[in-house]
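Input: a single structure, listed below in structure tokens.
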Amino acid sequence: MKHLIIEDLSWRYATKKYNPELKISDENIEIIKESLRLVPTSYGLFPLKYIFIESKEIREKLRSNAWGQSQITDASHLLVICSFIQLDHSYIDEHIALTAKIRNIDPSSIQGYGNFVKTKIDEMSAEKHSDWNAKQPYIALGQLMHTCASLRIDATPMEGFEPAAFDEILGLTKDNLKSVLVCAMGYRSEEDNNQHLAKVRKNIEDIFEIK
Ligand SMILES: Cc1cc2nc3c(=O)[nH]c(=O)nc-3n(C[C@H](O)[C@H](O)[C@H](O)COP(=O)(O)O)c2cc1C
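The opening position of the sequence shown corresponds to residue 328 in our numbering, with each subsequent residue numbered one higher.
Laid out in structure tokens, this is it:
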């Protein structure tokens, strides 16, 4: 199939080895950040925080807790995608206030909606609430994969790390945050053999159904 979107998605692969000399430009990082800001989330609550890790020292520590994967230290940029552990009522109130401000409407006109969201959240156990928040980073990761591919920036989506160790190293828990996903971004090494591998995907007829 020929289409720019399909070309982008076929170009990308989960990069295993980066060229540490090649850096993503500031201009492209701004595009990536804006793409990550535009991510949709449940109720639009955006229970996310994106942390770029620039410190070499911290990256080394993180690598020791990420199966020693070289992307953690060698990629141009390393992003840890975190979610909030719990959202309290004041968080929802702030979201309602932001919506009213941006849309130039009276906050009282959407307070009913805010109360509905609070009720839905209060219905969840603490564990379910935290798990629900932790699903939102996957939406960001998917969007990030495509954005990077469109810019011809290599990326590695990563779950192969110890979240508890990352939380400790980055001091996340005190900020009501937990690490969910990591994404390394940069430019592939010529030595990365994975770039030559054919994509392994199921056939269209095996993954779609009509009922
Ligand atoms: C949520 C998620 C976590 C992943 N974790 C890792 C990882 O820790 N290390 C790694 O090298 N690749 C990781 N991958 C890459 C997958 O193995 C890869 O995307 C998959 O095999 C498909 O290959 P492709 O991305 O090259 O098309 C992860 C992918 C996803 C979506």
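Glycine is no exception: its CB is placed at the ideal position from the N, C-alpha and C atoms.
According to DSSP, is residue i helix, strand or coil?
{"i": "S452", "result": "coil"}
{"i": "P484", "result": "strand"}
{"i": "F493", "result": "helix"}
{"i": "V527", "result": "coil"}
{"i": "R515", "result": "strand"}
{"i": "S391", "result": "helix"}
{"i": "F535", "result": "coil"}
{"i": "K445", "result": "helix"}
{"i": "S457", "result": "helix"}
{"i": "G343", "result": "Residue identity differs from the one stated: residue 343 is Lys in this sequence, not Gly. Coil."}
{"i": "S435", "result": "helix"}
{"i": "S369", "result": "helix"}
{"i": "K383", "result": "helix"}
{"i": "K350", "result": "coil"}
Along the chain, where does the beta strand (DSSP E) containing residue i start, and where does it finish?
{"i": "H473", "result": "Per DSSP, H473 belongs to no beta strand (DSSP E); it is in the alpha helix (DSSP H), 463-477."}
{"i": "Y418", "result": "Element bounds for Y418: not the beta strand (DSSP E) but the alpha helix (DSSP H), 416-430."}
{"i": "S362", "result": "Here S362 belongs to no beta strand (DSSP E); instead the alpha helix (DSSP H) covers 353-364."}
{"i": "I332", "result": "Taken as a continuous stretch (DSSP letters only), I332 belongs to no beta strand (DSSP E), being part of the alpha helix (DSSP H) at 331-338."}
{"i": "L406", "result": "404-411"}
Between residue i and the rest of its own chain, which residues show a CB-CB distance below 8 angstroms, the 5 nearest in sequence each way excluded?
{"i": "P464", "result": "L375, I408, C409, S410, V507, L508"}
{"i": "L468", "result": "I408, P484, L508, C510"}
{"i": "P490", "result": "K505, S506, V507"}
{"i": "W338", "result": "A476, R479"}
{"i": "S539", "result": "Residue 539 is absent from the structure shown; the chain starts at 328 and stops at 538."}
Going by beta carbon distance, what residues of the same chain come within less than 7 angstroms of residue i, once the five residues before and after it are set aside?
{"i": "I351", "result": "S403, H404, I480, M512, G513"}
{"i": "L478", "result": "N355, I358"}
{"i": "D433", "result": "A427"}
{"i": "A492", "result": "N392"}
{"i": "S457", "result": "I412, Q413"}
{"i": "S516", "result": "K344, Y345, N346"}
{"i": "D494", "result": "T500, K505, S506"}
Name the two residues that bound the continuous alpha helix (DSSP H) containing residue i.
{"i": "L375", "result": "No alpha helix (DSSP H) contains L375, which is instead part of the beta strand (DSSP E) from 375-379."}
{"i": "I399", "result": "398-401"}
Below 6 angstroms CB to CB, which residues in the same chain sit around residue i once its five sequence neighbours on both sides are set aside?
{"i": "G441", "result": "I419, I423"}
Exercise. Mind the definition here: the region 375-387 touches the region 396-406 only if three or more C-beta pairs lie below 8 angstroms; say whether that holds.
Key: yes
Quiz item: If we count Cβ pairs, one from each stretch, closer than 8 angstroms, do we get three or more for the region 359-372 versus the region 446-466?
Solution: yes
Quiz prompt | Those residues, in chain order, that have a beta-carbon closer than 6 angstroms to some heavy atom of ligand 1 | solution = Y340, A341, K343, Q396, T483, P484, M485, E486, G487, K526
Practice problem: Would you check if there are 3 or more beta carbon pairs closer than 8 angstroms linking the region 518-535 to the region 483-502? | Solution: no
Exercise. Check whether the region 493-502 touches the region 454-464, counting contact only when three or more Cβ pairs, one atom from each stretch, lie closer than 8 angstroms.
Key: no
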